[in-house]
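Here's the structure, in structure tokens; my notes come after.
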Amino acid sequence: MKGFRDWYWLVLAALLVAISLVAVATGAVAVPLGNILDALRGRGDPTAIAIVRDLRFPRVVLGALVGAGLGASGAALQGALRNPLAEPYLLGVSGGAAVGAVIAFALGATSDAVITLASFVGGIAAVFVALAVARVGGRSTRADMRTLLIAGVIVGAFANAAIMVALANASPNNIRGALWWMMGSAVDATWTRAGWLALSLLLAGGALVYFAREIDVLSLGEDAAASLGVDVERAGRRAFLLSALIAAATVAAAGLIGFVGLVVPHIARAMGLRAHRPLILASALVAATLVVAADLAARTVDAPTELPLGAITALLGVPFFLIQLRRIT
Amino acid sequence: MIAVTDLVVSYPRARGNAVDGVTFAAERGRLTALAGPNGSGKSSIVKALLRRADTPRGTATINGTDVRTLSHVELARSLAVVPQREDAAFPAQVREYVALGRYPHLGLWRSPSREDEIAVDEALHHAGVEDLALRDTDALSGGEWQRVRIARALAQKALALVLDEPTTFLDVAHEMAIFELLYSLSRAGLAVLLVSHQLNLVARFADSMVLLDHGKVAIRGTPAEVMRADRLESIYDWPVVVSRDPAVGAPSLVPLRRPMQLPHPKQSDQT
Chain F
27 MKGFRDWYWL VLAALLVAIS LVAVATGAVA VPLGNILDAL RGRGDPTAIA IVRDLRFPRV
87 VLGALVGAGL GASGAALQGA LRNPLAEPYL LGVSGGAAVG AVIAFALGAT SDAVITLASF
147 VGGIAAVFVA LAVARVGGRS TRADMRTLLI AGVIVGAFAN AAIMVALANA SPNNIRGALW
207 WMMGSAVDAT WTRAGWLALS LLLAGGALVY FAREIDVLSL GEDAAASLGV DVERAGRRAF
267 LLSALIAAAT VAAAGLIGFV GLVVPHIARA MGLRAHRPLI LASALVAATL VVAADLAART
327 VDAPTELPLG AITALLGVPF FLIQLRRIT
Chain G
291 MIAVTDLVVS YPRARGNAVD GVTFAAERGR LTALAGPNGS GKSSIVKALL RRADTPRGTA
351 TINGTDVRTL SHVELARSLA VVPQREDAAF PAQVREYVAL GRYPHLGLWR SPSREDEIAV
411 DEALHHAGVE DLALRDTDAL SGGEWQRVRI ARALAQKALA LVLDEPTTFL DVAHEMAIFE
471 LLYSLSRAGL AVLLVSHQLN LVARFADSMV LLDHGKVAIR GTPAEVMRAD RLESIYDWPV
531 VVSRDPAVGA PSLVPLRRPM QLPHPKQSDQ T
């Protein structure tokens, strides 16, 4: 296995900056790369200033934050659950968040803030339900990690059924809104939205990085981790909750964007990273780059039609995932 | 020193206690073996030492301190355990893997000091896996993997070491090598508690044996005291003879045959 070298960080960061600049420059109205900085400072063509400041830049930032969140959350979860196929949405977060949002839609909510909040609350609620299910279904009062994973999948399935029921009586307009949201999109990016996501990412992601070494030990298995001085139940629950919190925040900000959290940690591992502190950070960087690129594709490939971002990441993620599966098995 | 006193381990929704009033000690400088049939409570005792089982009665102590009063990290500094099963979810380089044994000393943020590096080097050396340091854990043979896991436990620099069936799946040479390693670790001053089904090897290496049956201590003592055909026969519910091995002089158990009568399978109708 080749080792990860320090200068890789520079390359990863440079890639993110480069793709972000291209994304800000590209669109119906092209803004030359050289003018972006001026536009950000409020100089030059007023149209360019408006496009860069209010439309493209927040969208790129939101995309990068969503990607970073999904990458970090996926890397931490795969380690803590000791499962290379774990991903943020498996925990029932996505289903719960979708239920929250769809209920808000079905009740006729149109306010962006209400829908965002509803989906965040739904996602977090689903995680707690999954934790409770795992406790009931587990062999003891301790929620073991495998049961937790299964519980997450079950809660997600239940949530999907609930969505179908809720949508059965919804108006076509609401159905379209809910569908669009379930396919994921950064089109509604605002600075407020990006700000909230950045804040939750900073707190929960920071905590994940802080506890990363615990995840290294957890990934050895429960008995081995216990013998090395980790409180397995508490550490596992903590990694689970922090990852879920980040996932719920990204879902609330941009809907469901699949496969990023599943695939990207494998890319980071393929670069030679094993310890979870650098692994989480690198996954965040790579995933941010990929989501910004996918979002660029979503709005340019079939312009002026917007393709759903979640569909693009899934289209890219599935083949990659299959290659990975071959290598794992 | 590892000591359990009148220890009871019970699992929720299980009938009876997995461990039911067990008392024994594994002293420093000695190799103590814990044996007994499947389900006799051996692994439950290991779990109780790690505080991963409910112990409604009795105590498990390390150097006189109840494990329940220690923090998880304090416990890991005084007791190193090589669990029965362990399948790493993701492969790692052997040296990095062994270095995880320093976690109880490093905590979440401290970066490894010279002392930590030396502890890892010594652990690799003592377990005889220095040559594997740069390999990946998923590229190891069964015997190498067991030695690497022991190296990780040694890197903890605890004075008490517990191993739960460390020689399962190993061939004769690798199994002997592990027993020799554990013996010399005990002679180097560690308290080594070995859970094993290999009664004959245990009888040759261990200073004392504890034989469990249905969660209770059936016999305890030196190998010569424990390796008695009448007792072993009733504990394992199988006819055995115990003789003195002419080559090495240790008590040696030979299970006898108890042939089974199965009905002849009926020929299927073929036309």
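These protein sequence lines are chains F and G, in that order. Just so you know, the working numbering puts 27 at position 1 of the first sequence, and the rest follows in order with no gaps. Just so you know, the working numbering puts 547 at position 257 of the second sequence, and the rest follows in order with no gaps. Ideal Cβ positions, reconstructed from N, Cα and C, are used throughout, including at glycine. In this text, all values refer to a predicted model and were calculated from it rather than measured experimentally.
Beta strand (DSSP E) segments (min. 3 residues) lying fully within the stretch 359-395 of chain G
Given a length threshold of 3 residues, each whole run of the beta strand (DSSP E) inside the stretch 359-395 of chain G is given here in chain order: 369-372.
Whole-angstrom Cβ separation of residue 264 of chain F and residue 380 of chain G, contact assumed at under 8 Å?
The Cβ separation is near 20 Å, so there is no contact.
With residue 501 of chain G and residue 516 of chain G assumed to form a contact (beta carbons below 8 Å), what rounded beta-carbon distance in angstroms separates them?
Sure, about 6 Å apart at Cβ, within 8 Å.
For residue 295 of chain G, which of G/336, G/358, G/450, G/315 has the nearest alpha-carbon?
When the alpha-carbon of residue 295 of chain G is set against those of G/336, G/358, G/450, G/315, the nearest one is in G/315.
Under 8 Å, Cβ to Cβ, is there at least one residue of chain F near residue 394 of chain G?
With 8 Å as the cut-off, residue 394 of chain G counts as an interface residue toward chain F.
Within 8 Å (strictly less), CB to CB, does residue 340 of chain F reach chain G?
Residue-level contact check: residue 340 of chain F does not touch chain G, since none of the beta carbons of chain G fall below 8 Å from its beta carbon.
Which residues in the same chain as residue 77 of chain F place their Cβ atom closer than 8 Å to its Cβ, once the five residues preceding and following it in sequence are excluded?
When the five nearest sequence neighbours on each side are left out, the beta carbons in the same chain lying within less than 8 Å of the beta carbon of residue 77 of chain F are those of 53, 55, 57, 65, in order along the chain.
How long is the line joining the alpha carbons of residue 119 of chain F and residue 278 of chain F, rounded to whole angstroms?
Whole-angstrom Cα-Cα distance: 10 Å.
Is the beta carbon of residue 461 of chain G less than 8 Å from the beta carbon of residue 333 of chain G?
No, Cβ-Cβ distance for residue 461 of chain G and residue 333 of chain G is not below 8 Å.
For the beta strand (DSSP E) containing residue 242 of chain F, list its first residue and its last residue.
In the DSSP assignment, residue 242 of chain F falls outside any beta strand (DSSP E) and lies within the alpha helix (DSSP H) extending over 238-244.
Residue(s) in a DSSP beta bridge with residue 447 of chain G:
Partner(s): none; residue 447 of chain G has no beta bridge.
Taking the Cβ atom as the reference point for each residue, do residue 282 of chain F and residue 178 of chain F lie within a distance shorter than 8 Å?
Going by C-beta atoms, residue 282 of chain F is not nearer than 8 Å to residue 178 of chain F.
How should residue 300 of chain F be labelled, buried or exposed, when 16 other C-beta atoms within 10 angstroms of its C-beta is the threshold for buried?
Residue environment for residue 300 of chain F: buried (at least 16 other C-beta atoms within 10 angstroms of its C-beta).
Within 10 angstroms of its Cβ, does residue 137 of chain F collect 16 or more other Cβ (buried), or is it exposed?
Here residue 137 of chain F is exposed, its C-beta having fewer than 16 other C-beta atoms within 10 Å.
To be precise: take each residue of the stretch 396-422 of chain G, compare its Cβ to all Cβ atoms of chain F, and keep it if any distance is under 8 Å. Which residues remain?
So the close ones are 396, 397, 398, 399.
According to DSSP, residue 541 of chain G sits in a beta bridge with which residue or residues?
Residue pairing by DSSP places residue 541 of chain G opposite G/534 in a beta bridge.
Taking Cβ-Cβ distances shorter than 7 Å, what residues in chain G pair up with residue 250 of chain F?
By Cβ distance, chain G contributes 373, 376.
Residues sharing a beta bridge with residue 442 of chain G, DSSP:
Residue 442 of chain G pairs with nothing; no bridge assigned.
Beta carbon of residue 388 of chain G nearer than 8 Å to that of residue 413 of chain G
Taking 8 Å as the Cβ cut-off, residue 388 of chain G and residue 413 of chain G qualify as a contacting pair.
Taking Cβ-Cβ distances shorter than 8 Å, what residues in chain F pair up with residue 391 of chain G?
For residue 391 of chain G, the chain F residues whose Cβ falls inside 8 Å of its Cβ are 254, in order along the chain.
Which residues in the same chain as residue 496 of chain G place their Cβ atom closer than 8 Å to its Cβ, once the five residues preceding and following it in sequence are excluded?
Apart from sequence neighbours up to five positions away, the residues of its chain that approach residue 496 of chain G with a beta-carbon distance below 8 Å are 321, 322, 323, 484, 513, ordered along the chain.
Close beta carbons around residue 397 of chain G, own chain, < 8 Å, minus the five adjacent residues each side
Spatial neighbours of residue 397 of chain G in its own chain (CB-CB distance under 8 Å, excluding positions within 5 residues in sequence) are listed in chain order as 363.
Could you have a look at residue 506 of chain G and say whether DSSP puts it in helix, strand or coil?
Here DSSP, grouped into helix, strand and coil, assigns residue 506 of chain G to strand.
Continuous alpha helix (DSSP H) stretch holding residue 327 of chain F: start and end:
Where residue 327 of chain F is concerned, there is no enclosing alpha helix (DSSP H), given that its DSSP letter is neither H nor E.
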